[in-house]
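**Student:**
2 protein chains.
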Amino acid sequence: MNYCSHCGAGVRQEIPAGDNRLRYVCTECGMIHYQNPRIVAGCLPVYDNKVLLCRRAIEPRKGLWTLPGGFLELGETIEQGAVRETVEEAGAEVRVTQLYTLFNVLHVGQLSLFFLAEMDSPVFAAGEESLDVQLFDEQDIPWDELAFTTIRQTLEYFFSDRRQGEFIQRTGDIDYNSAMTQSRHVGSV
Amino acid sequence: MNYCSHCGAGVRQEIPAGDNRLRYVCTECGMIHYQNPRIVAGCLPVYDNKVLLCRRAIEPRKGLWTLPGGFLELGETIEQGAVRETVEEAGAEVRVTQLYTLFNVLHVGQLSLFFLAEMDSPVFAAGEESLDVQLFDEQDIPWDELAFTTIRQTLEYFFSDRRQGEFIQRTGDIDYNSAMTQSRHVGSV
Numbered sequence: 004m005n006y007c008s009h010c011g012a013g014v015r016q017e018i019p020a021g022d023n024r025l026r027y028v029c030t031e032c033g034m035i036h037y038q039n040p041r042i043v044a045g046c047l048p049v050y051d052n053k054v055l056l057c058r059r060a061i062e063p064r065k066g067l068w069t070l071p072g073g074f075l076e077l078g079e080t081i082e083q084g085a086v087r088e089t090v091e092e093a094g095a096e097v098r099v100t101q102l103y104t105l106f107n108v109l110h111v112g113q114l115s116l117f118f119l120a121e122m123d124s125p126v127f128a129a130g131e132e133s134l135d136v137q138l139f140d141e142q143d144i145p146w147d148e149l150a151f152t153t154i155r156q157t158l159e160y161f162f163s164d165r166r167q168g169e170f171i172q173r174t175g176d177i178d179y180n181s182a183m184t185q186s187r188h189v190g191s192v
Numbered sequence: 004m005n006y007c008s009h010c011g012a013g014v015r016q017e018i019p020a021g022d023n024r025l026r027y028v029c030t031e032c033g034m035i036h037y038q039n040p041r042i043v044a045g046c047l048p049v050y051d052n053k054v055l056l057c058r059r060a061i062e063p064r065k066g067l068w069t070l071p072g073g074f075l076e077l078g079e080t081i082e083q084g085a086v087r088e089t090v091e092e093a094g095a096e097v098r099v100t101q102l103y104t105l106f107n108v109l110h111v112g113q114l115s116l117f118f119l120a121e122m123d124s125p126v127f128a129a130g131e132e133s134l135d136v137q138l139f140d141e142q143d144i145p146w147d148e149l150a151f152t153t154i155r156q157t158l159e160y161f162f163s164d165r166r167q168g169e170f171i172q173r174t175g176d177i178d179y180n181s182a183m184t185q186s187r188h189v190g191s192v
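Those sequence lines, one after another, are chains A and B.
In terms of this note's numbering, the first sequence opens at residue 4 and continues consecutively.
In terms of this note's numbering, the second sequence opens at residue 4 and continues consecutively.
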């Protein structure tokens, strides 16, 4: 950030009065420009015991497989965002059944949330941001070609929980900067 | 938003290629400035069956009572943000026990998350953003002087669930623009 989005003057980094963090502050109008984590919302769509994955057509991780998901927009709920992204990227209509995983992805400033979702029919198609969309049985999941740690962990939890017969909400922290990656049940944060 | 924070030129609202929403786009360098919901993280701190509330020293809702909470910062987890805000606003150390409520607060573009948390001792003190901090028994909660709908609903769920003997994660949508306020168990989104 170089310029104030309000008045166009230059910004500098300083710790405002009553604050304890460096912020971008306008040198003219004094506006403080906070930067905050963003929310990624997605679905784990299931049809006939198979999971729907998308092969990314865009960076980062172009060519690798992911669950449909993306940045939450103003004016929509996390469920609406997850469903919208599933339509946009995978051409699939889903019914969300539960909030399943929450990941603090610290090195990119994101909170990623994935919902379990059901498809009523095997209708899907690659959207603009996808090269391919396919339903995968567990034994066919492309584990070596998954785009993100959040996707791998969500899928691992899903297949493990399915064997146990109960889907337990999970939360985890991922930080490539500190190589800290921890996961836990949501009941034991 | 009037100016590009990257190059300082003017911005205009347009729908970028491949997008379907109005964005602020720089008229010179072409940078797209997305605006996304922000995350509010807070705690419901409990000591000896009492709940810790803060009376707000700042707008909005100055003078009304709230649970400690605030905007998540880059580089921290939602639990860390909730615990930090509890230290800053209420001077209280807590142990988070579970993620309890998630609210889509659509008219202000926020996702609010509250954790249940335990205090090991009745140590608390008003921080810079609080006029007062007090422990309240259920019958003494200032229901007519609560700052936000998210706080009222989280407290209502808490006392109801405590009577039932089980704390169930809840999610709800609040939108003062459309007067839509819905709540539900997280298992029935």
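We treat Cβ as the ideally placed atom computed from N, Cα and C, and that holds for glycine.
Because the structure is a prediction, the values reported are computed rather than measured.
For the pair the segment 131 to 149 of chain A and the segment 139 to 151 of chain B, tell me if three or more CB-CB distances fall below 8 Å.
**Tutor:** No: fewer than three Cβ pairs fall under 8 Å.
**Student:** Three-state secondary structure (DSSP) at residue 121/B?
**Tutor:** Note: residue 121/B maps to strand in three-state DSSP.
**Student:** Figure out for me which residue from 173/A, 167/A, 51/A has the closest Cα to the Cα of residue 157/A.
**Tutor:** Ranking 173/A, 167/A, 51/A by Cα distance to residue 157/A puts 173/A first.
**Student:** Just by C-beta distance, which residues in the segment 165 to 182 of chain A are closer than 8 Å to chain B?
**Tutor:** So the list reads 172, 174, 176, given in the order they occur along the chain.
**Student:** Kindly list the residues whose CB is nearer than 8 Å to the CB of residue 63/A, restricted to its own chain and excluding five residues on each side of it in sequence; keep chain order.
**Tutor:** Counting only Cβ-Cβ distances below 8 Å, and skipping sequence neighbours, we find 150.
**Student:** Tell me which residues share the same chain as residue 192/B and place their Cβ nearer than 7 Å to its Cβ, disregarding the 5 neighbours each side in the sequence.
**Tutor:** Because residue 192/B carries a pLDDT of 39, less than 50, the predicted location of this residue cannot be relied on, and the following value inherits that uncertainty. Answer for residue 192/B: 174, listed in chain order.
**Student:** Residue 161/B touches chain A at which residues, Cβ-Cβ below 8 Å?
**Tutor:** The premise fails here: residue 161/B is roughly 16 Å from chain A at the closest Cβ pair, so nothing lies under 8 Å.
**Student:** In the DSSP assignment, find the unbroken beta strand (DSSP E) run with residue 135/B in it and report its ends.
**Tutor:** Residues 133 to 139.
**Student:** Is it buried or exposed for residue 25/A, if we count other Cβ within 10 angstroms and need 16 for buried?
**Tutor:** Flag for residue 25/A reads exposed.
**Student:** Among 44/A, 73/A, 10/A, which residue has its Cα nearest to the Cα of residue 32/A?
**Tutor:** It is 10/A whose Cα lies nearest to the Cα of residue 32/A.
**Student:** Thinking just about the alpha-carbon of each residue, which of 43/A, 114/A, 60/A, 50/A is nearest to the one in residue 193/B?
**Tutor:** Nothing about residue 193/B can be read from this structure; chain B reaches only from 4 to 192.
**Student:** By a C-beta neighbour count over all protein chains shown, 10 Å radius and 16 as the cutoff for buried, is residue 40/A buried or exposed?
**Tutor:** Result: buried.
**Student:** Can you tell me whether residue 149/A is helix, strand or coil according to DSSP?
**Tutor:** Correct three-state label for residue 149/A: strand.
**Student:** Nearest chain A C-beta to residue 29/B closer than 8 Å, yes or no?
**Tutor:** Residue 29/B does not count as touching chain A.
**Student:** Along the alpha helix (DSSP H) that carries residue 83/A, what are the first and last residues, could you check?
**Tutor:** Where residue 83/A is concerned, the enclosing alpha helix (DSSP H) stretches over 81 to 93.
**Student:** Quick check on DSSP: helix, strand or coil for residue 103/A?
**Tutor:** Three-state DSSP puts residue 103/A in a strand.
**Student:** Does residue 89/A have its Cβ less than 8 Å from a Cβ in chain B?
**Tutor:** For residue 89/A, the answer is no, since every Cβ of chain B falls outside 8 Å of its Cβ.
**Student:** In whole angstroms, what is the alpha-carbon distance linking residue 97/A and residue 52/A?
**Tutor:** Roughly 14 Å separates the two Cα atoms.
**Student:** Classify residue 81/A: buried if its beta carbon has 16 or more other beta carbons within 10 angstroms, exposed otherwise.
**Tutor:** By the neighbour-count rule (16 or more Cβ atoms within 10 Å), residue 81/A is buried.
**Student:** Thinking C-alpha only, which one of 170/B, 179/B, 121/B is nearest residue 49/B?
**Tutor:** Nearest option by C-alpha distance: 121/B.
**Student:** Taking all protein chains shown into account, decide if residue 30/B is buried (16 or more other Cβ within 10 angstroms of its Cβ) or exposed.
**Tutor:** Under this definition residue 30/B is an exposed residue.
**Student:** On the DSSP bridge assignment, give the partners of residue 207/B in chain order.
**Tutor:** The requested residue 207/B is not part of the displayed model; chain B covers only 4 to 192.
**Student:** Since residue 41/B is in the beta strand (DSSP E), which residue starts that stretch and which ends it?
**Tutor:** Element bounds for residue 41/B: 41 to 50.
**Student:** Is the CB of residue 19/B under 8 Å away from at least one CB in chain A?
**Tutor:** Cβ-Cβ to chain A under 8 Å: no for residue 19/B.
**Student:** Find the nearest neighbour of residue 128/B within the set 176/B, 56/B, 12/B, judged by alpha-carbon distance.
**Tutor:** Out of 176/B, 56/B, 12/B, 56/B has the C-alpha closest to the C-alpha of residue 128/B.
**Student:** Residues bridged to residue 36/A by DSSP?
**Tutor:** Residue 36/A is bridged to 27/A.
**Student:** Is residue 171/B helix, strand or coil by DSSP?
**Tutor:** If DSSP states are grouped into helix, strand and coil, residue 171/B belongs with coil.
**Student:** Consider the Cβ of residue 47/A: report whether some Cβ of chain B lies at a distance smaller than 8 Å.
**Tutor:** Not an interface residue.
**Student:** List the residues of chain B that residue 40/A touches, going by C-beta distances under 7 Å, in chain order.
**Tutor:** Within 7 Å Cβ-Cβ: 42, 75, 77.
**Student:** Quick test of the definition: if touching needs 3 or more C-beta pairs under 8 Å, does the segment 163 to 172 of chain A touch the segment 86 to 106 of chain A?
**Tutor:** Segments in contact, yes.
**Student:** One question on the structure: do residue 91/B and residue 130/B come within less than 8 Å of each other, judged by their Cβ atoms?
**Tutor:** Cβ distance < 8 Å, so residue 91/B and residue 130/B count as in contact.
**Student:** In whole angstroms, what is the alpha-carbon distance linking residue 95/B and residue 160/A?
**Tutor:** For residue 95/B and residue 160/A, the distance between alpha carbons rounds to 35 Å.
**Student:** Around the C-beta of residue 179/A, are 16 or more other C-beta atoms found within 10 angstroms, so that it is buried, or is it exposed?
**Tutor:** Exposed, because fewer than 16 other Cβ atoms sit within 10 Å of the Cβ of residue 179/A.
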